[in-house]
Every structure is written in C-alpha cells, then in structure tokens.
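Peer 1: Read left to right, the sequence shown gives residues 0 to 305 (numbering that gives the first Met the number 0). Cβ atoms here follow ideal geometry from the backbone N, Cα and C, with glycine treated the same way. Bear in mind the structure is a predicted one, so any value in this text is a computation, not a measurement.
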Amino acid sequence: MFSPTPSPQPKPAATDLIKDGSDAGFMADVIEASQEVPVIVDFWATWCGPCKTLGPILEKAVTAAKGAVKLVKIDTDKHPAVAGQLRVQSIPTVYAFFQGRPVDGFQGALPESQIKAFIERLVKLSGGTGAIDIAAILAEAKGLLDAGDAQGAAAVYQEVLAEEPENAAAYAGVIRCLLAVGEADAAKGMLADAPAGIAKSAELAAVKSQIELSEQAANAGPLDDLKAAVTADPANHQARYDYAVALFAAGRNEEAVEALLEIVKRDREWNEKAARTQLLKMFEALGPMDKLVIQARRKLSSLLFA
Numbered sequence: 000m001f002s003p004t005p006s007p008q009p010k011p012a013a014t015d016l017i018k019d020g021s022d023a024g025f026m027a028d029v030i031e032a033s034q035e036v037p038v039i040v041d042f043w044a045t046w047c048g049p050c051k052t053l054g055p056i057l058e059k060a061v062t063a064a065k066g067a068v069k070l071v072k073i074d075t076d077k078h079p080a081v082a083g084q085l086r087v088q089s090i091p092t093v094y095a096f097f098q099g100r101p102v103d104g105f106q107g108a109l110p111e112s113q114i115k116a117f118i119e120r121l122v123k124l125s126g127g128t129g130a131i132d133i134a135a136i137l138a139e140a141k142g143l144l145d146a147g148d149a150q151g152a153a154a155v156y157q158e159v160l161a162e163e164p165e166n167a168a169a170y171a172g173v174i175r176c177l178l179a180v181g182e183a184d185a186a187k188g189m190l191a192d193a194p195a196g197i198a199k200s201a202e203l204a205a206v207k208s209q210i211e212l213s214e215q216a217a218n219a220g221p222l223d224d225l226k227a228a229v230t231a232d233p234a235n236h237q238a239r240y241d242y243a244v245a246l247f248a249a250g251r252n253e254e255a256v257e258a259l260l261e262i263v264k265r266d267r268e269w270n271e272k273a274a275r276t277q278l279l280k281m282f283e284a285l286g287p288m289d290k291l292v293i294q295a296r297r298k299l300s301s302l303l304f305a
C-alpha cells in the first residue's frame, strides 16, 4: 500500500538555486557560477510593485528547473554598482549570464508562460535538460500503471504533484493507482478532497466514473454465471448488461463495450437507454483519446443513426 499523499522528491536546496546577491559577491555568485549553469540575475527593489509580481514567478520556475539554472536577486537600492555598470534603466530588469557573459534578458513583469520559455531557452543554450517535462513524466506513469505497476506509477504521479499540486492528470492518476490495488475507500476519499481548482476537471470526472463502475461491478455477480445466463438467453438484456459491467471491472474493456453495443443493436430503448448511458460512462472513464473509445463511438453512432 502506498500513501495517497504526495511525497516531495529530493531536489537541490533552495539556497543553492536562489540567493540574495550583492555588488561584492557578483563575481562569485554570477560570473564564476555561470561557468557551470546559466545564472539569472533579477534586479529589483522593495518599493517596486511589478518586482513583487515577477519575483515569485521567477523563483517557482527556477526551482522547477531542478538545478539547470540559478537565480541571484539583487536589490538595486542596497547594491547599485552592478546595475549601474549594466545600465539598468528601470526595474524589474532581468539578465541571464552563461559562461561569464550576458546571453539574454528582459524588462518588466512577464507572465509565467513567458518566464518558462525564457528558462527553457537558457537550458537549451547550455546543453542541459533540467526543465521538468510534465507530459513525459505523466506518460511514464500511465505506462507503469497500464503494465500493472501501480506502486511505481503512484510514485511517478506524486513526483508531478510535488511540482504541481493541482495537476489534475497526476491527481487522477494517483486515484487510479489506489483503485488498481483495491483501495476503493482511499480513492473515494482522495477524490472528495480534491483541490477546488481541479475538482470539476475532466480527469477527475473520468476517475469518478471509474469508481462508480467499480461499485456497480461489485453487485453484478460472477463473470462465469453472467456469461452462462447470456448464452442461455441472448435476449436477456439485464444479464448482458451486468456481464458488461463485470467485464469492464475485470479489465476486459473491449468485451464490455461490445456487450453493451449488442444491447443497443437489439433494443436501443431498453431500460430507458441504460446500455447507451453505461457506454458513455465507460467512454468517460477511459478518456476521449482512447483507441477503443474512438472505435466504439463510431459503432454507436452507426447503430443510432443507421
């Protein structure tokens, strides 16, 4: 059993990546340090409103780069010499140094997306790969979960949550991992405690459907008995419906979808369109880009509009 609570992964200490600079320490903190990785210098002052906006965004992005860049913050009121030498006319002004020389920079408070792009350029310039690739990590976690390694997948998803606590895909991923190891109560608890910013996301709606399907399967009955009932009476739509639910819970998704499509084919109005409703719930649980979902939607449309 793993903890659903995200566990921060080891990372460089903030004091190693972000520090308050000075005129006297500029040579060591910036020029010499930039021989190894790019060093961003943020010229700011306590009275500067835009500086207060930019500073936290810079610090967050530098921390996320995990050592690929560093940040030195220089208060120009206390340390005006270097700012004067670099002809800083207004603040905030940001310079990036690599191998002892300035290589990039900007003025004013930029949005977070542009700050990330700025840092990615610096990482690329230095030949590093330090910026965390969230999409690649999520793909890795999904691959582990699909392969049956729920424990390993959860650890990777939690690495993402350590960086982005409101990443809906990672949060839903941990819940799926809990379901995979039979921890339904913990999964429902984590879903109920989801941050407000992602509580209504498509990812959590999908995992909610998965939980509901799992609960339905618990009352569906043994697979062999349900299969026998369908074989004995192909017109027994309830037995076929229950069989589909049990198949889905067992991971036999394609067979489950085909069973429900067969009900729609035989009687699309059965039980107030229950088969169609269940199909849509399965589609939501699997995700819109799943190959099975794409194929099944085409078949369903063909049956409904033929």
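#1: Just verifying my parser: in three-state terms, what is the DSSP assignment at Gln-113?
#2: Please determine, among Ala-171, Leu-124, Phe-117 and Asn-270, the residue with the shortest C-alpha to C-alpha distance to Val-61.
#3: Residues bridged to Trp-43 by DSSP?
#4: Is Leu-278 near Leu-259, with beta carbons less than 9 Å apart?
#5: Please give me, in chain order, every unbroken run of the alpha helix (DSSP H) with length at least 4 that falls completely inside the stretch 124-203.
#6: Is the separation between the beta-carbon of Asp-15 and that of Ala-44 shorter than 9 Å?
#7: Can you find at least 3 beta carbon pairs, one from the stretch 229-240 and one from the stretch 192-203, that sit closer than 8 Å?
#8: Ignore the nearest five residues each way along the sequence and tell me which others in Asn-252's own chain have a CB closer than 8 Å to its CB.
#9: Pairs of beta-carbons, one from the stretch 84-104 and one from the stretch 144-152, closer than 8 Å: are there three or more?
#10: When the Cα of Ala-352 is compared with those of Lys-226, Leu-160 and Ala-108, which residue comes out closest?
#11: What does a CB cutoff of less than 7 Å around Val-206 pick up in its chain, not counting 5 residues either side in sequence?
#12: Do the stretch 30-50 and the stretch 119-128 make contact, defined as three or more Cβ pairs closer than 8 Å?
#13: If you count every other CB in all the chains shown that lies within 10 Å of the CB of Gly-20, and 16 or more means buried, which is it?
#14: Measuring alpha carbon to alpha carbon, tell me which residue in Ala-138, Asp-289, Glu-257 and Pro-221 is nearest Arg-275.
#15: Looking at the secondary structure, which residues open and close the alpha helix (DSSP H) in which Gln-277 lies?
#16: For Asn-166, is the classification buried or exposed, using 16 other Cβ atoms within 10 angstroms of its Cβ as the cut-off for buried?
#17: Rank Val-244, Glu-158 and Ala-204 by C-alpha distance to the C-alpha of Leu-310 and give the top, closest one.
#18: Ala-95 lies in the beta strand (DSSP E); which residues open and close that run?
#19: Hey, Leu-85 and Phe-42: beta-carbon distance below 9 Å or not?
#20: In three-state DSSP terms, what is Val-102?
#21: With a threshold of 6 Å on Cβ separation, who are the neighbours of Phe-1 within its own chain once the five nearest residues in sequence on each side are excluded?
Peer 2: Quick look at the numbers:
#1: In this structure, Gln-113 counts as helix in the three-state DSSP scheme.
#2: Phe-117
#3: Asp-74
#4: Cβ atoms of Leu-278 and Leu-259: closer than 9 Å.
#5: 133-145, 149-162, 167-179 and 183-191
#6: No, the pair does not count as a contact, with Cβ atoms beyond the cut-off.
#7: no
#8: Leu-246, Met-281, Leu-285 and Leu-291
#9: no
#10: The shown model of the chain, from 0 to 305, leaves out residue 352, and the question about it has no answer.
#11: Ala-171, Ile-174, Arg-175 and Leu-190
#12: yes
#13: buried
#14: When each option's Cα is compared against that of Arg-275, the closest is Glu-257.
#15: 269-285
#16: Buried, since its Cβ has 16 or more Cβ neighbours within 10 Å.
#17: Nothing about residue 310 can be read from this structure; the chain reaches only from 0 to 305.
#18: 92-97
#19: Cβ distance < 9 Å, so Leu-85 and Phe-42 count as in contact.
#20: strand
#21: Gln-150 and Ala-153
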